[in-house]
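Going letter by letter, the sequence shown gives residues 502 to 933 in my numbering.
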Amino acid sequence: MKKFLLSMAAVCSLFSPSAQVVQNRCGTVDVIKHRDAENPGYQNRMNAAFDYAKQIAESRKDVRASNDTVYRIQCVFHVLYSTAAENIPDSVIYSQLEVLNEDYRRKNADTVKTRGIFSDVAADARIEFYLATTDPDGNPTTGITRTQGNPGFLGYNPFQDNAKSNSAGGKDPWPTDRYLNIWVCNILNGLGVLGYAFPPSNAPGWPQGSTTDSTKQGVVLHYPVVGRNFASPIDPTVTMGRSAVHEIGHYLGLRHIWGDGNCSQDDGIDDTPLSDAAHQQTCDTTDNSCTDSPVDFPDMIENFMDYSDDRCLNMFTEGQVAIMHAMLQTSRAGIATVVTETSIKEPDVYFTRTELFPNPTNSFVTLQVNTKQAQSYSYELLNTLGEKLSSETAFSNGYHQQIIELSSYPAGIYFVRLSAGTQTVMKKVVKK
Ligand SMILES: [Ca+2]
Ligand SMILES: [Ca+2]
Ligand SMILES: [Zn+2]
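As structure tokens, this is what we get:
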């Protein structure tokens, strides 16, 4: 079984000699190396977690295609800032969620750019993301924390990972077994690192206490690459919010598509072709760096786990999805709720998605909507007699989330009626 190649050479080779600003798109391989030095055996445990997930994925291959399951991941964004620009607004975070929910459901507009040779392995990952509505103490929350830190903090090289600690000027994580923690900060490093993540490392069978430090689990993102078309982009190749898509891929167990090595190094995924290196923010569809067997494929530059220009990234494969699902059943089981997708599709006019959860509920429901464009909409809470109990108008910038209180109403069935333009959507909610 091939393993991660954790060489500094792999990181250094990412730098092009051109005058253009070139980012080191992802620091994950580098932080794994640091982590392994601090905590010997870390890398072996991570590889074991991958092998275990792969076993599960293989054994359930037959049910993949008909699978109706959707994993909904509870997220918290920790915004760490020392300047106003670093204190990114909620709207940017909503935009990031929108990107995640498109790319992980293969609803991104650029799926049409996936080359035909890969269209049969391109997959809907059936993973969705939402902002936590309850904090670790059980109180309502927006799912976003803001911490003003020291100017120029949060160094990466040498590796400190201090975004994740109150005492170092960052923010302690919310319990990492229940929340996907995403820290957004100015990653100061001199290398242009845009993000990093820790893959799962708690494979079964390892002695207790040998797993990764739970205070480190999650994703760290450089603030200018969060969201879509953020106001002050670093460069045009990273403006579509796909650094988060890539880093969450690592967090859910995926390796770089080139296996962090040359043509002899695989990423452990059967349906991704070999590749000799990252496609550093480029978009070259003629590239075919390694000979695959039995069929030779071009390099899959459109895979989210490559380093290509955001404008060329548009797919995960079936094999990658199987690994992520297996991780969500094992190492990452606590962070997602599993739902069965309703077969009833809403007419796709203004709302492209409307969700109410938890449902049934004891006290309140979170309304999550996606609209096709920036759009104001209204929602009304109705009883079974159709009487209006409350109503409000909200504005969706594509993605919007809102809490609807039910605590003052008796147990029973209620309806939420959403209206935008000429479209109306009715959703049922049960109060326990
Ligand atoms: Ca492969
Ligand atoms: Ca090839
Ligand atoms: Zn990466």
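Glycine included, C-beta positions come from ideal geometry on N, C-alpha and C.
Where does residue i fall in DSSP's three states?
i      : result
Val613 : helix
Glu842 : coil
Gln876 : strand
Arg463 : The shown model of the chain, from 502 to 933, leaves out residue 463, and the question about it has no answer.
Cys576 : strand
Thr543 : What sits at residue 543 in the sequence shown is Tyr, not Thr. In this structure, Tyr543 counts as helix in the three-state DSSP scheme.
Gln869 : strand
Cys784 : coil
Lys932 : strand
Ala556 : According to the sequence provided, residue 556 is Gln. The question's Ala does not apply to it. If DSSP states are grouped into helix, strand and coil, Gln556 belongs with the helices.
Asn724 : Note on identity: in this sequence residue 724 is Tyr, with Asn being the wrong assignment. The answer is helix: DSSP assigns Tyr724 an H, G or I state.
Phe551 : helix
Ile683 : strand
Val512 : Low confidence applies to Val512: its pLDDT is 30, below 50, so where it sits in the model is not reliable, and the reading given next is rough at best. Three-state DSSP puts Val512 in a helix.
Ile645 : strand
Thr570 : strand
Gly696 : strand
Thr738 : helix
Asn789 : coil
Asn667 : helix
Lys503 : Summary for Lys503: the model assigns pLDDT 31, below 50, so the residue's position carries little reliability; its value from the coordinates is reported in the next sentence. Note: Lys503 maps to coil in three-state DSSP.
Ala837 : strand
At which residues does the beta strand (DSSP E) containing residue i begin and terminate?
i      : result
Thr529 : Taken as a continuous stretch (DSSP letters only), Thr529 belongs to no beta strand (DSSP E), being part of the alpha helix (DSSP H) at 529-539.
Gly913 : 913-921
Gly650 : Segment: none, Gly650 is in no beta strand (DSSP E) and carries neither H nor E.
Phe619 : Unbroken run through Phe619: none, as it is neither H nor E.
Glu906 : 900-906
Lys889 : 889-897
Leu443 : Residue 443 is absent from the structure shown; the chain starts at 502 and stops at 933.
Just mark residue i as buried or exposed, buried being the case when its beta carbon has 16 or more other beta carbons within 10 Å.
i      : result
Gln556 : exposed
Gln874 : exposed
Glu842 : exposed
Asn730 : exposed
Pro701 : buried
Leu829 : buried
Ile758 : buried
Leu601 : buried
Asp761 : buried
Thr584 : exposed
Ser794 : exposed
Ser962 : Past the edges of the chain, shown from 502 to 933, lies residue 962, and the structure says nothing about it.
Glu539 : exposed
Asp569 : exposed
Looking at the unbroken alpha helix (DSSP H) that takes in residue i, where does it start and where does it end?
i      : result
Leu829 : 819-830
Leu601 : 591-604
Ile749 : 743-752
Ser715 : Note, Ser715: premise wrong, no alpha helix (DSSP H); not H, not E.
Do residue i and residue j have their CB atoms nearer than 8 Å?
i      : j      : result
Lys928 : Thr855 : yes
Gly693 : Val720 : no
Arg573 : Thr838 : yes
Gly742 : Arg756 : no
Leu883 : Phe858 : no
Thr648 : Thr642 : no
Asn863 : Val931 : no
Tyr808 : Gln766 : no
Ile914 : Val866 : no
Ala558 : Ser832 : no
Tyr495 : Ser596 : Residue coverage of the chain in this structure runs from 502 to 933, which leaves residue 495 outside it and unanswerable.
Thr677 : Gln718 : yes
Val532 : Phe805 : no
Asp810 : Thr925 : no
Leu598 : Ile836 : no
Thr786 : Ile802 : yes
Ser909 : Thr872 : no
Leu632 : Gly644 : yes
Tyr543 : Asp537 : yes
Ala912 : Gly754 : no
Phe660 : His535 : yes
For residue i, is the beta carbon positioned less than 7 Å from some heavy atom of ligand 4?
i      : result
Pro795 : For ligand 4, the structure offers nothing, since it holds only ligand 1, ligand 2 and ligand 3.
ask   = Is there contact between the stretch 734-747 and the stretch 801-816, where contact requires at least three CB pairs shorter than 8 Å?
value = yes
ask   = How about the stretch 822-837 and the stretch 884-892: do they share at least three Cβ pairs that are nearer than 8 Å?
value = no
inquiry  = If contact is defined by three or more beta carbon pairs under 8 Å, each pair taking one atom from either stretch, is the stretch 663-672 in contact with the stretch 606-616?
reply    = no
query = Okay, do the stretch 578-598 and the stretch 715-727 touch, 3+ Cβ pairs below 8 Å being the bar?
reply = yes
message = Three or more C-beta pairs under 8 Å: does that hold for the stretch 681-688 against the stretch 608-625?
response = no
Touching by the beta-carbon criterion (3+ pairs, under 8 Å), the stretch 765-776 and the stretch 793-805 = yes
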